[in-house]
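For the sequence shown, position 557 (counting from the first letter as 1) is numbered 557 according to UniProt numbering, and the numbering increases by one without interruption. Ideal Cβ positions, reconstructed from N, Cα and C, are used throughout, including at glycine. Right, one structure below, let's go through it.
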Amino acid sequence: MSADHEFKVHHLVGELVSLFRVQDTSGVESLVELLLRHRSPYVTTQVSAASAKRKITNFSSKGAEFRKKYDELHQRQVRELNPLVYLISLITEDEQLCGYLGEVCPASQLGHVVRQADISVLDDLEGGLRDLPTKGAVMSAEELGELMGRLETVTTALKNREREKMRMTVEGNFPELPSWLFERSYLTADFHREGSSSSSSPSTVSLGTLPLDLQQLSAVEDLLYLMVGVEGRFIKTESPANESAPRKFTIDKTLDPSLRNLVERVLPICSSYSAVVRFIEEKSTFYEGRVNQALSAAMRGLVKEYCVVVAQLEHQLRLGQLSLQKLWYYVQPCSASLSVLERIVGTVTRGSCRGGKTLTALHSITTGYIGEPRTQELCLHLTRAACHPYFSSLSQWIHQGLVHDPYSEFMVREHEDIRKDRLHAEYNDSYWERRYTVLQDNIPSFLESVADKILCSGKYLNVVRECGKESGTASLQIMQYSVQERGYIEQIEAAYSQASRRLLDLILVEKDLPGYLRSIKHYFLLDQGDLFVHFMDSAGDELARPMADILPTRLESLLELALHTSPREL
């Protein structure tokens, strides 16, 4: 049991005692000892989470709300969710503890811990939402256009506010994106931002009035447009309810039923494409971090290949060789790939993932496709691309002791405000404990087992550098992600061993720590007791005098005489 783990247990027990307002703290130490003694190195909550959820659902009067909240937190990749659920299930089994918690934390007080909504946003936008028409009111085309403009202004302002909040949470000064990038609604690879009512003029004819072959031709042409984010004439699009919601489409009601079935099979591809390109555009900004930027770049490459397929299908249409059946046959591989991308997009978006959280989500999805080689290869390609900037920072840290983290997404945080000025006055390790720390939320799940070694590797190299010696290696070996963790885990352990060896060589060989310890043993631990006996015999009369009459120079000469007459050499 390391001192760090013991300190964490003490801290957590103290927090629980304070939270539950326990007056008698005499049994705290015994509780800490009990927890330390029964601590297991194995994770036992993974297999118990399912039964714990069932137990809480049966115990609570709001089981449906609990399951809904659990699914939401699980999609957001919240850490320690299953251990918390397991702990709550154990609490439900203890009637005495449940009764005590009900007295200490009544339900009327729980509402105070819920964060209130930021109503300042609505106050700022009150002018844009004022005097809205009542339900069922008849509006002219001019009034409808004015209302659409007001709603677009409000939507843009809300997005800018959220974007500004996101930017403020990330440390660093990044270039500001021009406002016209968000104000020009057509400057996107997705569907027109204002929606279907204003993006294209309504069709003057219905599909049902056309012959069957022309209906099929029009439907194929509309689908090819929709597959690249352009609204069709007979198939309209609706704006999604939120960022992670799928996009819905409205098909001309007069379309032949046999053709409608094929059209409905292809439309999910258009929805997936819309979600993916929307994600790429939103996550390519500066403050989203290098991991999300790398993931977006990898997705952009796949989208380009998809657009090439659409262009080839359009060429077939111009040659008169593309029917709905052929279109559905050709796009089925794209459908499978885009559905996987849409799942990744939804997971990252719902969890507001950045840095290590994004890598944890990708790792979870990649390992989930263990029985589907082609799908797993696609996920592996995206995960490796997203891991590259993170592993680059990791390699710099474990091989050179440098923190390169411009977007505050790396697991090691360097606190530059903590100076080493007081190291000469305070002989302890508080400087090194506080100078570099680990951010738990930024640790990918596949690196949790070696997080301590990663932190110590860079720390050791920085200790060597502070002593004026060369540390680290000039050439970096960038690691590569794989489902089998053995490859990069071995590289991390090798870097840890090398840094440890370099620090030990500095302390034991170059700084001669054993020599200092031998001197301490000789003098302060009285390894050479005869030396002090000779000194006390010869300096006894001098030390018996009053302090003001003692001459330090005479004591020094007596000590030197005792050193020379000592039968044992220093």
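Per DSSP, K248 is one residue of the beta strand (DSSP E) stretching across 248-251. Judged by their CB atoms, K459 and W432 are nearer to each other than the 7 Å cut-off.
Along the region 51-84, the alpha helix (DSSP H) occurs as fully enclosed runs of 4 or more residues at 63-75, listed in sequence order. In this structure, I365 is the residue among I365, I492, F446, L259 with its C-alpha nearest to the C-alpha of C379. Close CB contacts of Q477 within its chain, under the 7 Å cut and outside five residues either way in sequence, are with S395, Q491 (chain order).
As computed with DSSP, I235 is found in a beta bridge with I251. Cα atoms of L558 and A499: separation of roughly 47 Å, rounded to the nearest angstrom. With contacts defined as CB atoms closer than 7 Å, L84 and L73 fail to qualify as a contacting pair.
Taking a contact as a CB-CB distance under 8 Å, the pair E264 and T250 does not count as one, their CB atoms being some 12 Å apart. M299 and Y390 have their C-alpha atoms spaced approximately 17 Å apart. Uninterrupted beta strand (DSSP E) stretches at least 3 residues long and entirely within the region 267-345 do not occur.
Cβ-Cβ separation between L324 and Q216: approximately 6 Å, consistent with a contact (criterion under 8 Å). When G356, L90, L295, L504 are compared, the shortest CA-CA separation from F446 is found for G356. The alpha-carbon of S408 is positioned some 15 Å away from that of L359. V331 sits close to I269, with the two beta carbons spaced by under 7 Å. DSSP places E414 in the uninterrupted beta strand (DSSP E) bounded by 412-414. Here L503 is near V463, since their CB atoms are less than 7 Å apart. Using a 10 angstroms sphere on the CB of I370, the tally of other CB atoms stays under 16, which defines it as exposed. Boundaries of the beta strand (DSSP E) harbouring T437: 436-438, taken from the DSSP string.
Per DSSP, N462 is one residue of the alpha helix (DSSP H) stretching across 451-466. DSSP places A245 outside both helix and strand once states are collapsed to three, so it counts as coil. In the structure shown, the three-state DSSP call for Q484 is coil. Here V205 carries a coil assignment [DSSP, helix/strand/coil]. Judged by their CB atoms, V28 and V9 are not nearer to each other than the 7 Å cut-off. For C387, the enclosing alpha helix (DSSP H) covers residues 373-400. Linking V450 to V412 through their CA atoms gives a straight-line distance of about 13 Å.
Comparing C-alpha distances from R233 to each of P552, C467, D222, V310 shows the shortest one belongs to D222. Here DSSP, grouped into helix, strand and coil, assigns M547 to helix. By the neighbour-count criterion, in which 16 or more other beta carbons inside 10 Å mark a residue as buried, Q440 falls on the exposed side. A distance below 7 Å between beta-carbons, with the five flanking residues on each side excluded, links Y516 to no residue of its chain. The beta carbons of T347 and Y481 sit about 17 Å from each other, so the pair does not count as a contact at 8 Å.
Excluding its 5 nearest sequence neighbours in each direction, P246 has C-beta neighbours in its own chain below 6 Å: S271, listed in chain order.
In this structure, D252 sits near L207, with a CB-CB distance shorter than 7 Å. In this structure, L267 is the residue among R67, E176, L267, L177 with its C-alpha nearest to the C-alpha of K248. Cβ neighbours of T367 within its own chain (closer than 8 Å, five residues either side excluded): V483.
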